[in-house]
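Residue numbers (this note's numbering), protein chains in the order written: chain A, 149 to 834; chain B, 3 to 102; chain C, -16 to 158. All C-beta atoms, glycine included, are put in the ideal place defined by N, C-alpha and C. Please read the structure below before turning to the comments.
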Amino acid sequence: MLALIPLFPFLGFLVNAAIGRRLSKTVSGGLASLVMIASFAVSAVTVWNLAALPVDHRAITETLYTWIASDPITIDVAFRVDPLSAVMILVVTGIGALIHVYSTAYMHDESDGEFARYFSYLNLFAAFMLVLVLGSNMLVMFVGWEGVGLCSYLLIGFWFRKKSASDAGKKAFIVNRVGDYAFVLGMLLLAVAYNTVDFQHLASEIAPLAPEAAFGPLSLAALLLFVGATGKSAQIPLYVWLPDAMEGPTPVSALIHAATMVTAGVYMIGRNAVLFSHAPVTMEVVAVVGAATALMAGTIGLVQNDIKRVLAYSTVSQLGYMFLAMGVGAFGAGIFHLYTHAFFKALLFLGSGAVIHALHGEQDIRHMGGLRKDLPVTYWTFLIGAIAIAGVPGLAGFFSKDEILFETFWTGHTALWVIGALTSLLTATYMFRLVFLTFHGERRAAAAAPGHDHGADGHAHDAGAGHAHLHDAPPAMALVLVALAVGSVVAGYIGVPHAIGGRNALGAWLAPSFTVSAPAKAGALGAEERMAVEGHAIGAEAGAAEGGEGHGEAAGKTGTELTLMGVSSAIALIGIGLAFFFFVSTPSAADGVARSFPGLHRLLLNKYYVDEAYDAVLVQPIRVISQEGLWKGFDVKVIDGAVDGTGAMVSGWAWILRRTQTGSVRTYAGSLLLGVVLVLGYYLWR
Amino acid sequence: MTPIGHYLILSAILFAIGTAGVFFRRNLITILLSIEIMLNAVNLTFVAFGRQIGAVDGQVIVFFVMTVAAAEAAVGLAIVIALFRHRESLNPEAFTSLKW
Amino acid sequence: MLFYVFGGLAIVSALGVIGQRNPIYSVLALVLMFASLAGLYVVLDAPFTAVTQIIIYAGAIMVLFLFVVMLLNNPLEGHSPYDRSHPLRRTAAGRMGGVLAVMLVAELAWGLSRMVGAGAPVAGDVAAGAVVSSVREIGVKIFTDYRFAFEATSILILVAMIGAVVLARREEATR
């Protein structure tokens, strides 16, 4: 039954890939959406069944067949659903289905063939993502890992005739590859050490060990896996592909680069929680990288002018939060933020898609403004998404982000907490900058000649002045926006912390996934061992209650948490206020600041010149070596030389040997005579 | 009584002369003549050995050799005639169709 | 004694065959060589072979050669344009050919020198001379021990005859 979950989208892919060209858009788009909905239904049923199981044995496994049987290691193709992957499959299939529906309207202008191709890729992506999430061992996960990388490439470069799009696709794939290389190394390290790549087996092998004090083999393996995660989830140093990925259609950005694929890295760490808990050094690295990325991306996002770029950097920043959470041991908090982020980030992207769609391809926010009158549904849903991400209390983003910040502070990472708080401020500010510039104020039309192509979405129309009538999102799109907006509001309520009276249901639900819960070892692990394995508090207040924390400590904890909550809320409101000041009440002030710090402004606008640095240090040398050295030097001279040389040599010898064919009988007779003399001599000699 | 070795050496010399003739002459007919010399040298060897061992087998073989030589000469000359008609020359250099 | 006379004559006439420019002279020299060989055969107590040699070689084959030479009426060697092209015409190649021929003789002589019994007199067994020279003996041998060779040779002659006729025929209607 578990296999059906990725199978449905895969079937959708097959149909659309094979005969999609001949199907009408309604059929191909409808089919693609339908398989996603079917997959969601199966996922829901599965999770329902899962919930019926007792807490200690909450896992359903399905082994399809033995893939590699090579003593001493055996790897099966097997799926496993437990509380963690349950959350993931619901997110992937649920939000995935919504985005499929949205796409049917958004991509409507494409030809039938292109439309079908888009949906085949989208379905394929969903199938691979589900394989990634459901895999019960690292190799199956890696299959999904690679597969989503491939689909990302295909979808980013969907409008491949546009050079910037195909370049972006290549960049994404290649940068991912670097990360994947590290991932494979990590996987192999573990396989060699423990003769298994199955998550449960690994966990049960590692759990009894003591956490490594210094950088040892476990830390190395974890670090390698983390590098892989930085590639897939766009952290420093491998984040550079994500902003460029905005060349793809907006629903793709929503699905892949907001809700699902980029979260694979976070999921992977959660899945390997036991391993990471035993590698404190690596955990520190994870936390620091996460925080640094969050801050850096936030600063860049503050000055970007393309609506999708702002959201892209926002995604990088929020992913940084998730990694920060994982790094300080708050695995549940990280997943919680993943879950809420999926809602509001997808919402924001789809909303921006509606804006771009309405403006026929305009993406520069300097040419927008005043759209809230023309696009009400888009405006209100977008606003809800922005409020959620800013961390205003009451909406989803508040609970998840707050939990992360609290856990960071509580585990003693005060410096990281400061960075996190600062990033919060930036998040609120740049988000509302985006809202105000796009939807408020007066319309700033583009002073555009037809060649001025901001319509990177492929709708290369001139969004000129005087375009009076703008149509809001069509029903398919609007419906999805509203659904996601509702989600952005209420989704967080399953994780309300104890401090303000909630049950933190999500945290309790997820906790068993971060420990060893192999039924075979049911007797071996008691509550104390589980605490030891979990290391730091896993954001599950339920765990704290079991672990024997005293009431006094719990009260202190609650007090701190409430205080920090207040601080977060204040930060959010300050951020919104700043944005208001700079971009609504006194718009000139923003330009004034930009003029006062021209160097800094340029630095941020050019993304700290990271891409340029990579290009100079890595890309150009490789290109030069490949072109001059390997191609001209080696391939042409040595290999072609050898091949041509062999031919030339044969020719040369043939030219020489040809001389014997004189056609003259006398020469032949002469040769005969020579032969006779020689042979006779030889025999006589003996 | 001349030793058998003398006869053999004489035969060898004649054979070598015939070989040189095949090699050097640029007239097809003369080449055929040189071949006849070679055959005769061999005949001499056969007869000499036959006399030494006191059997007639040597002469019998010579008989057959002569017959074959006759046949070969006939056919060879016919070929020479056919070639001459083709190229108007008896020089072996004229027939170089097998040249590369 | 007779051996050296006839032997020397044979060698001289053989050299004449390969040395003469005019093919007619070559043919005539060859006839002389046949005759000297016939003499040698007589010395070797093989009169039948000697006579056969004269009849077949000198009588039939050489006549055939003469006919062909005179029929073709070929210009002398050395005037043909083909002569200029070939490298063997150069003296270096000529010397090489000569060297090779000499080497051949040397090798054969060397082989001979290592042969046991090369010094034995050829006609040492006088009584055998009577046997060897007997035509009757030759006849008996041919038709008993060598009868297969006999029959095969006759077929060979037949084939040669047909071949010669076909080859020398003028191309007729096909042209």
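Short CB-CB distance (under 8 Å) between residue i and chain A
i, result
"Pro94/B", "yes"
"Phe97/B", "yes"
"Gly94/C", "yes"
"Ser63/C", "Per-residue confidence for Ser63/C stands at a pLDDT of 49, beneath the threshold of 50, marking its modelled position as unreliable; no derived number is given."
"Glu90/C", "yes"
"Met166/C", "Since the displayed chain C opens at -16 and closes at 158, residue 166/C lies outside it and no answer follows."
"Leu83/C", "yes"
Cβ-Cβ separation, residue j to residue i (assumed contact under 8 Å), whole Å
i, j, result
"Ile39/B", "Leu10/B", "Rounded, the Cβ-Cβ distance is 16 Å, inconsistent with contact."
"Ala544/A", "Ala639/A", "4 Å"
"Ser251/A", "Pro399/A", "4 Å"
"Ile121/C", "Phe31/C", "6 Å"
"Ala502/A", "Leu629/A", "7 Å"
"Leu443/A", "Leu570/A", "6 Å"
"Ala393/A", "Ala274/A", "Their Cβ separation, rounded to whole angstroms, is 18 Å, which puts Ala393/A and Ala274/A out of contact at 8 Å."
"Val229/A", "Ala207/A", "7 Å"
"Val429/A", "Thr556/A", "Going by Cβ atoms, the distance from Val429/A to Thr556/A rounds to 18 Å, so no, they are not a contact pair."
"Tyr342/A", "Glu360/A", "No, Tyr342/A and Glu360/A are not in contact; Cβ-Cβ is about 15 Å, not under 8 Å."
"Met409/A", "Val288/A", "The Cβ separation is near 17 Å, so there is no contact."
Status (buried if at least 16 other CB within 10 Å, exposed otherwise) for residue i
i, result
"Ile483/A", "buried"
"His515/A", "buried"
"Tyr269/A", "buried"
"Ile724/A", "buried"
"Leu201/A", "exposed"
"Thr529/A", "buried"
"Leu303/A", "buried"
"Gly781/A", "exposed"
"Thr488/A", "buried"
"Pro6/C", "buried"
"Met53/C", "exposed"
"Ser157/A", "The question names Ser, yet the displayed sequence has Pro at residue 157/A. Flag for Pro157/A reads buried."
"Gln775/A", "exposed"
"Gln768/A", "exposed"
"Ile537/A", "buried"
"Ile145/C", "exposed"
CB contact below 8 Å: residue i versus chain B
i, result
"Pro814/A", "A small fix is needed here, since residue 814/A is Arg in this sequence, not Pro. At least one chain B Cβ lies under 8 Å of Arg814/A."
"Ser19/C", "no"
"Thr136/C", "yes"
"Thr35/C", "yes"
"Val(-5)/C", "no"
"Thr127/C", "no"
"Ala43/C", "yes"
"Met53/C", "no"
"Tyr8/C", "no"
"Gly146/C", "yes"
"Leu(-8)/C", "no"
Closer than 7 Å: residue i CB and nearest the ligand NAD heavy atom
i, result
"Thr209/A", "Among the ligands in the structure shown, none appear at all, so the ligand NAD cannot be discussed."
Any C-beta of chain C under 8 Å from that of residue i
i, result
"Ile11/B", "yes"
Subject >> Where the segment 17 to 36 of chain B meets chain A: residues whose CB sits under 7 Å from a CB there >> reply: Here the close residues are Thr21, Val24, Phe25.
**OP:** Identify each residue in the segment 46 to 69 of chain B for which the Cβ-Cβ distance to at least one residue of chain C is less than 7 Å, and report them in chain order.
**Re:** Under the 7 Å Cβ criterion, the segment 46 to 69 of chain B contributes Leu46, Val49, Ala50, Gly52, Arg53, Gln54, Gly56, Val58, Asp59, Gln61, Val62, Val64, Phe65, Phe66, Met68, Thr69.
**OP:** With 8 Å as the limit, tell me which residues of the segment 817 to 831 of chain A have their beta carbon closer than that to any beta carbon of chain C; keep them in chain order.
**Re:** Those would be Gly818, Leu821, Leu822, Val824, Val825, Leu828, Gly829, in chain order.
**OP:** Please go through the segment 314 to 370 of chain A and give each complete alpha helix (DSSP H) segment of 4 or more residues, from N-terminal end onward.
**Re:** For the segment 314 to 370 of chain A, whole alpha helix (DSSP H) runs of length 4 or above, ordered along the chain, are 347 to 354.
Original post:
What residue ranges within the segment 455 to 537 of chain A form continuous alpha helix (DSSP H) runs of no fewer than 4 residues, ordered along the chain?
Top reply: Within the segment 455 to 537 of chain A, the alpha helix (DSSP H) runs of at least 4 residues that lie entirely inside it are, in chain order, 455 to 475, 479 to 506, 519 to 522.
Subject >> Complete runs of the beta strand (DSSP E) confined to the segment 241 to 319 of chain A [at least 3 residues] >> reply: If we require 3 residues or more, the segment 241 to 319 of chain A turns out to have no beta strand (DSSP E) run fully inside it.
Original post:
What are the uninterrupted segments assigned as beta strand (DSSP E) that are 3 or more residues long and contained completely in the segment 160 to 234 of chain A, given in chain order?
Top reply: With a minimum length of 3 residues, the continuous beta strand (DSSP E) runs that stay inside the segment 160 to 234 of chain A are 208 to 218, 221 to 229.
Original post:
Of the residues that make up the segment 68 to 91 of chain B, which ones have a beta carbon closer than 8 Å to any beta carbon in chain C?
Top reply: Residues are counted here when their Cβ sits less than 8 Å from a Cβ of chain C; for the segment 68 to 91 of chain B these are Met68, Thr69, Val70, Ala71, Ala72, Ala73, Glu74, Ala75, Ala76, Val77, Leu79, Ala80, Ile81, Val82, Ile83, Ala84, Phe86, Arg87, Ser91, given in chain order.
Subject >> Minimum length 4: unbroken alpha helix (DSSP H) runs contained in the segment 25 to 81 of chain B >> reply: For the segment 25 to 81 of chain B, whole alpha helix (DSSP H) runs of length 4 or above, ordered along the chain, are 30 to 55.
**OP:** Could you tell me which uninterrupted beta strand (DSSP E) segments, each at least 3 residues in length, are contained entirely in the segment 715 to 747 of chain A, listed from first to last along the chain?
**Re:** Listed in chain order, nothing qualifies, since the segment 715 to 747 of chain A has no complete beta strand (DSSP E) run of 3 or more residues.
Subject >> Completely contained beta strand (DSSP E) runs for the segment 756 to 819 of chain A, where each covers 3 or more residues >> reply: If only complete runs of 3 or more residues are kept, the segment 756 to 819 of chain A shows no beta strand (DSSP E) anywhere.
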